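Input: a single structure, listed below in structure tokens.
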Amino acid sequence: MIRITTLLLSLLLTPLVLVVAPASATEAGWALLREGGHVVLLRHGYAAGTTDSPKIDLDDCRTQRGLSDRGKQQARRIGSLFAARAEPVEQVYTSRFCRTRETADLAFGSSLVKDLPALDPASDPSAAETAREEIFALVEGFTGSGNLVLVTHEDVIRSLTGAGAREGEAVIVKRNPEGLHIAGRIIFN
């Protein structure tokens, strides 16, 4: 009887742990951003489709995956939450892809947003390493009292930190000798 009760209790508590763990991680992330002076890697909001056109043109959004309606709502929510729960965002850099630019514009306003080609996904290993070094230097050199946001893609975040991110997830990073260390995460639904 005790064994069955323990099993039932485990089955009932497991979903609760799965909900509470991301929530507490998110609160820890907000606590960091309230301090200011942090760098955030933000994966673009929910995008429609799964792949870009084989003939992608960075100047033509029709050749790229764009934000879905849900992604646009998510981007606006990200901006509202940053405004309400964090120190001001000083600068926003984004890859040149339309979905990252639109996420940044909707969340933070286009006046703060600048393109940074190093945040584009790179298929060439040499170009990827050059981009990584540029981003590392930017992170290491950031000394603002607000926060710096870099809007990019899952594979870029993975190459910088060794871990991925969900669409619309914020990864707060610090520079260390091996690359970027994840100091916190914020999950936006």
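Note that my numbering has the sequence shown beginning at 117, numbered continuously upward.
Don't be surprised by glycine CBs; every beta carbon is placed ideally from N, CA and C.
The model shown is predicted, which means the values in this text are computed figures rather than measured ones.
Around the Cβ of residue i, are there at least 16 other Cβ atoms within 10 angstroms (buried) or fewer (exposed)?
i           : result
residue 285 : buried
residue 143 : exposed
residue 211 : buried
residue 239 : exposed
residue 218 : buried
Output yes or no for whether 8 Å exceeds the beta carbon distance between residue i and residue j.
i           : j           : result
residue 148 : residue 299 : yes
residue 267 : residue 220 : yes
residue 216 : residue 154 : no
residue 203 : residue 152 : yes
Secondary structure at residue i, three-state DSSP: helix, strand or coil?
i           : result
residue 290 : strand
residue 182 : coil
residue 236 : coil
residue 285 : coil
What residue range is occupied by the uninterrupted alpha helix (DSSP H) comprising residue i?
i           : result
residue 256 : 241-257
residue 276 : 270-277
residue 215 : 214-224
For residue i, report the span of its beta strand (DSSP E) as first-last.
i           : result
residue 188 : It is not in any beta strand (DSSP E) - residue 188 instead sits in the alpha helix (DSSP H) that spans 185-201.
residue 303 : Residue 303 -> no beta strand (DSSP E), and no H or E assigned at all.
residue 210 : 205-210
Answer yes or no: the CB of residue i versus the heavy atoms of the ligand FAD, is any distance below 7 Å?
i           : result
residue 287 : With respect to small molecules bound, the structure shown includes none, and the ligand FAD cannot be examined in it.
Whose CA, out of the options, lies closest to the CA of residue i?
i           : options               : result
residue 250 : 264, 240, 235 and 262 : 235
residue 256 : 241, 209, 295 and 246 : 295
residue 208 : 265, 244 and 218      : 265
residue 290 : 281, 253, 245 and 188 : 253
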